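Novice:
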Amino acid sequence: MSVQMTIRIDDDLAAFIDQATKVGEGSRADVINRAIKREVRRRAAQRDAQIYASDADPDLETDAYAAWAAKNANKVWSELD
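Under my numbering, the residue at position 57 of the sequence shown is numbered 1311, and the numbers go up by one with no gaps.
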């Protein structure tokens, strides 16, 4: 199921979308849907990283990653925006 929406997009983003459609990446709706799905996945990954970071077990090898994720999550995600 899909819902029709009317939205305003900045000129530079519209140009990006139009260029993507010209090179065969699908319709405007396809390009926008992929971008929104990517954002949904990014937010889910960010939540997962925060969960891993808050649930450290001193006996697990992944604790080093959990500590790194907790310390760097905001920096890493801001680079994706």
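Backbone N, C-alpha and C fix where the C-beta goes; we use that ideal spot for every residue, glycine too. Nothing here was measured: the structure is a model prediction, and the numbers come from that model.
Counting pairs of Cβ atoms below 8 Å between the segment 1317-1331 and the segment 1296-1308, do you hit three or more?
Specialist: In short, these stretches touch, since the Cβ pair count reaches three.
Novice: Below 8 Å on the Cβ atoms is my guess for V1285 versus E1293; work out the distance and round it to an integer in Å.
Specialist: By 1-based counting over the sequence shown, the position of residue 1285 is 31. By 1-based counting over the sequence shown, the position of residue 1293 is 39. 13 Å between Cβ atoms; not a contact.
Novice: Check whether the Cβ atoms of D1272 and R1262 lie closer than 9 Å to each other.
Specialist: Within the sequence shown, the letter at position 18 stands for residue 1272. Within the sequence shown, the letter at position 8 stands for residue 1262. Taking 9 Å as the Cβ cut-off, D1272 and R1262 do not qualify as a contacting pair.
Novice: Are there 16 or more other CB atoms within 10 angstroms of the CB of A1323, so buried, or fewer, so exposed?
Specialist: For the purposes of this step, residue 1323 is taken as residue 69 along the sequence shown, with counting starting at 1. Buried: at least 16 other Cβ atoms inside 10 Å.
Novice: Identify whether T1275 lies in helix, strand or coil by the three-state DSSP scheme.
Specialist: Along the sequence shown, read from residue 1 onward, the residue named residue 1275 stands at position 21. Helix.
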